[in-house]
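Quick note: the sequence shown uses our numbering, first residue 2, plus one each step.
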Amino acid sequence: MTEAALAIDLTAAAARRVAAIASRQGKPAILRLGVEGGGCAGFSYRFGLADAVDAEDITSVRDGVTLVVDPISIDLVRGCAVDFVESLGGAAFKVENPNAASGCGCGSSFSI
2 MTEAALAIDL
12 TAAAARRVAA
22 IASRQGKPAI
32 LRLGVEGGGC
42 AGFSYRFGLA
52 DAVDAEDITS
62 VRDGVTLVVD
72 PISIDLVRGC
82 AVDFVESLGG
92 AAFKVENPNA
102 ASGCGCGSSF
112 SI
């Protein structure tokens with residue numbers, strides 16, 4: 002299932018990084034974002050390359066790269082943007098989540 006682009010977004014920087022990783026691994030350029038319980042703030046983000054888009058997935062496409070979210074996780078990340086940032090502390094995918102009431106210092110977990 003594909004929803005409006007406002008459901009989730011992938012920045013150009015994140016799309017470039019996913020494309021590069023997928024190319025090196027010989028996989029399709031599909032990034033799966035999921036949410037699971039845990040982390041220091043209550044929920045944590047889970048990223049991974051996917052082999053295919055499932056029929057019920059919510060998708061967003063940028064520059065030939067697909068971001069997919071399962072229907073259970075979408076309510077926790079609806080309206081988010083996935084970015085890739087590089088800083089002195091390292092490089093990582095970062096989720097800008099308007100639904101998060103708070104997050105941890107490392108940015109990998111959040112609470113609603």
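Note that beta-carbon positions come from the ideal geometry of N, C-alpha and C, so glycine has one too.
Please read these numbers as outputs of a predicted model, since none were measured by experiment.
Could you pull out every residue in the same chain whose Cβ sits closer than 6 Å to the Cβ of residue i, ignoring the five residues on either side in sequence?
i, result
"R47", "G35, E37"
Return helix, strand or coil for residue i, following the three-state DSSP convention.
i, result
"S24", "helix"
"L77", "helix"
"A82", "strand"
"E4", "Residue confidence for E4 is low, a pLDDT of 46 falling below 50, so the modelled location carries little weight and cannot support an answer."
Should residue i and residue j be called a contact, given that it needs their Cβ atoms to be closer than 7 Å?
i, j, result
"I22", "T67", "no"
"F85", "A8", "no"
"V96", "L11", "no"
How many Å lie between residue i and residue j at the Cα?
i, j, result
"G27", "V70", "21 Å"
"R63", "P72", "20 Å"
"P29", "G43", "31 Å"
"R25", "A92", "17 Å"
"V78", "S45", "11 Å"
"A56", "L89", "39 Å"
"E87", "R18", "11 Å"
DSSP puts residue i in a beta bridge; with which residues?
i, result
"G61", "Reading off the sequence, residue 61 comes out as Ser, not Gly. L68."
"G91", "S88"
"V54", "BP columns for V54 are empty, so no partner."
Excluding five sequence neighbours on each side, which residues of the same chain lie with their C-beta closer than 8 Å to the C-beta of residue i?
i, result
"V54", "I31, T60, T67, V69"
"S74", "L34, G35, V36"
"G80", "L7, A8, I9, N98, P99, N100"
"G65", "A16, A20, A30"
Quick check on residue i - is its C-beta less than 7 Å from some C-beta in chain D?
i, result
"G49", "The structure shown contains no chain D; it is built from a single protein chain."
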